[in-house]
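Undergrad: Pasting a structure below so you can have a look.
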Amino acid sequence: MRLKVQVVIESESGEAEMVQEVAKLERHGLRPESLGLTLSGAKALLQEVQRVMATHQSAEYVTQQLACPNCGRIRSQKGKHQVVFRTLFGAVRLESPRLYPCGCCRKEAPRSFSPLAALLPERTAPELAYLETKFAALISYGLTAELLAEVLPTSGEINAAGVHRNVQRVAQRLEAELGEEKGQFIEGCQRDWDALPPPGPPITVGLDSGFVHAKAQESRGEGWFKVIAGKSVPVEGIPKCFASVQAYDPKPKRRLFELLKAQGLQANQQMTFLSDGAEDVRELPLYLSPESEHWLDWFHVSMRLTGMGQLAKGLANEQAEGPETAPAAPPEEASEETLDLDAGEIGKQLERVKWFLWHGNAPRALETIEDVEDALDLLSQEGESRRKLVTAVREFGRYIEANQNFIPNSYEAASVKSPPASF
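Everything in the sequence shown is counted per my numbering, starting at 36 for the first residue and increasing by one.
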């Protein structure tokens, strides 16, 4: 079987202006690998159709620009050159003549100009830039180039450096579209918010931070930068992610606000922000919405308590294997409660801390943490496990003290099926 694929270009009246053959296909016998189009054949077919279509479109546009828009005279040509335009289906080379302005507009227009070059200032099709940016956000630049070359007729013209440049251009354009940074984005008053249409379902936003190793570094201790990342999850709709680099991003609050605005956020809509408790992360979502709640993400509390529980088990095992030790302080200098806290009881006290925090009782949790610190000070047992546990308990106490106003009653929230206390 022989198959010819032709492109027929018709005029507005329906008459055929041009018929051009773009592919010839032959099939001998039916096999699974020869049924229909193959990947290589489809890529070649799309590339040729794209070339014919783009060439005709550009030639028609240039012909329309030959006449002066003011007086209608045909403008003379200075010369011709080619414009290379990168598309999803291969790069196309388009004829782009330079034109002289006619006498009626010579004073205003430049000496010569190229209409096609002015129409295509960026030589990459928007869809190709979109795919490059999308995949570069998920995998490396090199793998992005390999993936696109595998499924698209790029003819090897997409490489890691080109993907990197296009991603940078897209990022710069998006940055330029952001508005000015503000300290707060709440506008209007309660009367204005009551007049708004019924809001959408609640939105939950999770925020976290971490340090990322920079590409260029002079030593192991250098080249780290802090990244704040998050995810906005509406009850109905598509979740959206965002990120910013601390000390480099001049508009982190604006970036988060625009993301929420793109999800349809209204001033009368309920929101819940969950953060890891770091000061800069906790302050980022403040004053974005009048109906927002700000809570400490339970995951980070539980993670720290789990680590301290493992250290307490290790300390108890060391104490059980070693000789019995007496308290370092005499009984009259220690309280009755702290004397009963040996290494084995410390784990139980940490479970009490977890119970208090789960029920939103931060003051009682801080009191119990202080008791655990006193018990560790009274232990005469020395060792790496005790030192690590003392450090962890003290850091956890400072962490809870700084975030005690942002600890919800997770038990009550889970009972009434409120927004999650953790992502």
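Where a beta carbon is used, it is the ideal one built from N, C-alpha and C, also for glycine.
Identify the residues that DSSP records as bridge partners of glutamate 130: which are they?
TA: Position 95 of the sequence shown holds residue 130. According to DSSP, which records beta bridges pairwise, glutamate 130 is partnered with Gln117.
Undergrad: For glutamine 41, I'd like the list of residues in its chain whose CB is within less than 6 Å of its CB, leaving aside the five on either flank, ordered along the chain.
TA: The residue given as residue 41 occupies position 6 in the sequence shown. Around glutamine 41: Val54 and Glu56.
Undergrad: By Cβ distance, which residues of its chain are closer than 8 Å to alanine 152, with the 5 residues on each side in sequence left out?
TA: Within the sequence shown, residue 152 is the residue found at index 117, counting from 1. Excluding positions up to five away in sequence, the list reads Val118 and Ser131.
Undergrad: Any idea which residues DSSP pairs isoleucine 273 with across the strands?
TA: Counting from one through the sequence shown, the residue named residue 273 turns up at place 238. Its beta-bridge partners do not exist; DSSP assigns none.
Undergrad: Tell me which same chain residues have a C-beta within less than 7 Å of the C-beta of leucine 331, skipping the five on either side of it?
TA: Taking the sequence shown and counting its residues from 1, the one referred to as residue 331 is at position 296. Only Ser310, Gly312, Asn438, Phe441 and Ile442 meet the Cβ criterion.
Undergrad: Apart from the five residues just before and just after proline 285, which ones in its own chain have a Cβ nearer than 8 Å to its Cβ?
TA: What you label residue 285 is simply residue 250 of the sequence shown in a count that begins at 1. Closer than 8 Å at the Cβ level, and outside the excluded window around proline 285, lie Glu216.
Undergrad: Out of curiosity, what's the CA-to-CA distance linking serine 69 and histidine 63?
TA: As a working mapping, residue 69 is identified with position 34 in the sequence shown. As a working mapping, residue 63 is identified with position 28 in the sequence shown. Spanning the two alpha carbons is a distance of roughly 9 Å.
Undergrad: Does any residue of chain D have a CB that is nearer than 9 Å to the CB of alanine 302?
TA: Of the protein chains in the structure, only one exists, and it is not chain D.
Undergrad: Could you check the C-alpha separation between aspartate 10 and tryptophan 333 for me, to the nearest Å?
TA: Here the chain covers residues 36 to 458 and nothing more, so residue 10 does not appear.
Undergrad: Around the Cβ of histidine 329, are there at least 16 other Cβ atoms within 10 angstroms (buried) or fewer (exposed)?
TA: Within the sequence shown, numbered from 1, the residue matching residue 329 stands at position 294. When all chains shown are included, histidine 329 counts as buried.
Undergrad: Excluding five sequence neighbours on each side, which residues of the same chain lie with their C-beta closer than 8 Å to the C-beta of alanine 160?
TA: Residue 160 sits at position 125 when you count from the first residue of the sequence shown. Result list for alanine 160: Phe120, Arg121, Thr122 and Leu123, in chain order.
Undergrad: Tell me, please, whether the region 88–101 touches the region 182–196 by the rule of three or more beta-carbon pairs shorter than 8 Å.
TA: Output reads no: the region 182–196 does not touch the region 88–101.
Undergrad: Where does alanine 264 fall in DSSP's three states?
TA: The residue labelled residue 264 in the question sits at position 229 within the sequence shown. Reduced to three states, the DSSP call for alanine 264 is strand.
Undergrad: Going straight from the alpha carbon of glutamate 210 to that of lysine 288, what length do you get?
TA: The residue given as residue 210 occupies position 175 in the sequence shown. The residue given as residue 288 occupies position 253 in the sequence shown. Whole-angstrom Cα-Cα distance: 13 Å.
Undergrad: Does glutamate 328 come out as helix, strand or coil in the three-state DSSP assignment?
TA: Along the sequence shown, read from residue 1 onward, the residue named residue 328 stands at position 293. Three-state result, glutamate 328: strand.
Undergrad: For the beta strand (DSSP E) containing threonine 307, list its first residue and its last residue.
TA: Position 272 of the sequence shown, counting from 1, holds the residue named residue 307. Segment 306–310, the beta strand (DSSP E) holding threonine 307.
Undergrad: Beta-carbon within less than 6 Å of histidine 491's beta-carbon, same chain only, minus the 5 sequence neighbours each way: which residues are those?
TA: No answer is possible for residue 491: the residues shown for the chain start at 36 and end at 458.
Undergrad: Between which two residues does the alpha helix (DSSP H) holding alanine 437 run?
TA: Position 402 of the sequence shown, counted from the start, is the residue given in the question as residue 437. Looking at the DSSP string, the run of the alpha helix (DSSP H) that includes alanine 437 is 419–437.
Undergrad: In angstroms, rounded to a whole number, what distance separates the CA positions of arginine 204 and isoleucine 238?
TA: As a working note, residue 204 is residue 169 in the sequence shown. As a working note, residue 238 is residue 203 in the sequence shown. Taking the straight line joining both Cα atoms gives about 31 Å.
Undergrad: Who are the Cβ neighbours of glutamate 447 in its own chain at under 7 Å, not counting the five residues just before and after it?
TA: Within the sequence shown, numbered from 1, the residue matching residue 447 stands at position 412. Excluding residues within five positions, none has a Cβ falling inside 7 Å.
Undergrad: Tell me whether threonine 159 sits in a helix, a strand or coil according to DSSP, three-state version.
TA: To locate residue 159, count along the sequence shown from 1; it is residue 124. Looking at threonine 159 - three-state DSSP - the assignment turns out to be strand.
Undergrad: Three-state secondary structure (DSSP) at glycine 241?
TA: Reading the sequence shown from its first residue, position 206 is the one you call residue 241. Strand, per DSSP.
Undergrad: What's the C-alpha gap between alanine 264 and methionine 306?
TA: The residue given as residue 264 occupies position 229 in the sequence shown. The residue given as residue 306 occupies position 271 in the sequence shown. Straight-line Cα distance between these residues: approximately 18 Å.
Undergrad: How big is the Cα-Cα spacing for aspartate 409 and arginine 387?
TA: By 1-based counting over the sequence shown, the position of residue 409 is 374. By 1-based counting over the sequence shown, the position of residue 387 is 352. Cα to Cα, aspartate 409 sits roughly 16 Å from arginine 387.
Undergrad: Note the first and the last residue of the continuous beta strand (DSSP E) segment covering lysine 296.
TA: By one-based count along the sequence shown, residue 296 stands at place 261. From DSSP, lysine 296 is part of no beta strand (DSSP E) but of the alpha helix (DSSP H) over 287–297.
Undergrad: Give the DSSP-derived three-state secondary structure of leucine 38 in the structure shown.
TA: Counted from its first residue, the sequence shown places residue 38 at position 3. Of the three classes helix, strand and coil, the one that applies to leucine 38 here is strand, per DSSP.
Undergrad: Please state whether the Cβ-Cβ distance between glycine 114 and arginine 133 is less than 9 Å.
TA: To locate residue 114, count along the sequence shown from 1; it is residue 79. To locate residue 133, count along the sequence shown from 1; it is residue 98. A contact, by the Cβ cut-off of 9 Å.
Undergrad: If contacts are defined as beta-carbon pairs under 8 Å, then threonine 189 and glycine 125 qualify, I think. What distance do you get, rounded to the angstrom?
TA: Within the sequence shown, the letter at position 154 stands for residue 189. Within the sequence shown, the letter at position 90 stands for residue 125. About 6 Å; that satisfies the 8 Å criterion.
Undergrad: Using the Cα positions of alanine 206 and tyrosine 165, report the straight-line distance between them to the nearest angstrom.
TA: Counting from one through the sequence shown, the residue named residue 206 turns up at place 171. Counting from one through the sequence shown, the residue named residue 165 turns up at place 130. Approximately 11 Å, taken between the alpha carbons.
Undergrad: Could you give the DSSP three-state label for alanine 302: helix, strand or coil?
TA: The count along the sequence shown starts at 1 and reaches residue 302 at position 267. Reduced to three states, the DSSP call for alanine 302 is coil.
Undergrad: Do you know offhand how far serine 75's Cα is from alanine 171's?
TA: Taking the sequence shown and counting its residues from 1, the one referred to as residue 75 is at position 40. Taking the sequence shown and counting its residues from 1, the one referred to as residue 171 is at position 136. Cα to Cα, serine 75 sits roughly 24 Å from alanine 171.
Undergrad: Using DSSP's beta-bridge definition, name the partner residues of tryptophan 462.
TA: No statement about residue 462 is possible, as the shown extent of the chain runs from 36 to 458 and does not include it.
Undergrad: Taking the DSSP output, what are the residues bridged to alanine 58?
TA: Here residue 58 refers to the residue found at position 23 of the sequence shown. Val40, per the DSSP bridge assignment.
Undergrad: Between which residues of its own chain and methionine 343 is the CB-CB distance below 6 Å, once the five residues before and five after are set aside?
TA: Counted from its first residue, the sequence shown places residue 343 at position 308. Leu385 and Ala427.
Undergrad: What does the alpha-carbon distance come out to for the pair phenylalanine 277 and glutamate 405?
TA: Translated into the one-based positions of the sequence shown, residue 277 becomes position 242. Translated into the one-based positions of the sequence shown, residue 405 becomes position 370. Their Cα atoms are separated by approximately 38 Å.
Undergrad: Less than 9 Å separating the beta-carbons of asparagine 444 and glycine 395?
TA: Your numbering for residue 444 matches position 409 in the sequence shown. Your numbering for residue 395 matches position 360 in the sequence shown. Closer than 9 Å, so yes.
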